[in-house]
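A.B. asks: Could you have a look at this structure, given as C-alpha cells, before my questions?
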Amino acid sequence: MDLSFDFEPVYHHHDLLIELGLVEMAMEHLDARSENERQVLRPRLISRMSRLRDELKRLEA
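First residue of the sequence shown? That's 202 in the working numbering, and the numbers climb one at a time after it.
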C-alpha cells in the first residue's frame, strides 16, 4: 500500500493564505501611518495582494 502523499501543494497554498492575511492586516492598519508612508506602502501592498491572489488561482486550476 502506497502511503506517500505530496504535501508540498498543501503547504504552498497554506503559506499563500497566511501571507495574504498578513497583507490584508497591513492594509487595514495603514490609517495609523503617516500620509507619506501610506503613499509608499499602499501600492506595494496592493501589488503584493494581487500577486498572491494570482498565485492562489493558479494553484487551484
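We treat Cβ as the ideally placed atom computed from N, Cα and C, and that holds for glycine.
Might you give, ordered along the chain, the residues of its own chain that have their beta carbon closer than 8 Å to the beta carbon of residue 226, omitting 5 neighbours on each side?
C.D. replies: Taking the sequence shown and counting its residues from 1, the one referred to as residue 226 is at position 25. Answer for residue 226: no residue qualifies.
A.B. asks: Where does the unbroken alpha helix (DSSP H) through residue 257 begin, and where does it stop?
C.D. replies: Taking the sequence shown and counting its residues from 1, one reaches residue 257 at position 56. From DSSP, the alpha helix (DSSP H) with residue 257 extends over 236-261.
A.B. asks: What does the Cβ neighbour count give for residue 231, buried or exposed, with the cut at 16 atoms within 10 Å?
C.D. replies: Counting from one through the sequence shown, the residue named residue 231 turns up at place 30. Label assigned to residue 231: exposed.
A.B. asks: Quick one: using the 10 Å Cβ neighbour count with 16 as the cut-off for buried, is residue 241 buried or exposed?
C.D. replies: Translated into positions along the sequence shown, residue 241 becomes position 40. Result: exposed.
A.B. asks: Suppose you measure from the CA of residue 238 to the CA of residue 250; what does that come to, to the nearest Å?
C.D. replies: Residue numbering aside, residue 238 sits at position 37 when the sequence shown is read from its first letter. Residue numbering aside, residue 250 sits at position 49 when the sequence shown is read from its first letter. Rounded to whole angstroms, residue 238 to residue 250 spans 18 Å at the Cα level.
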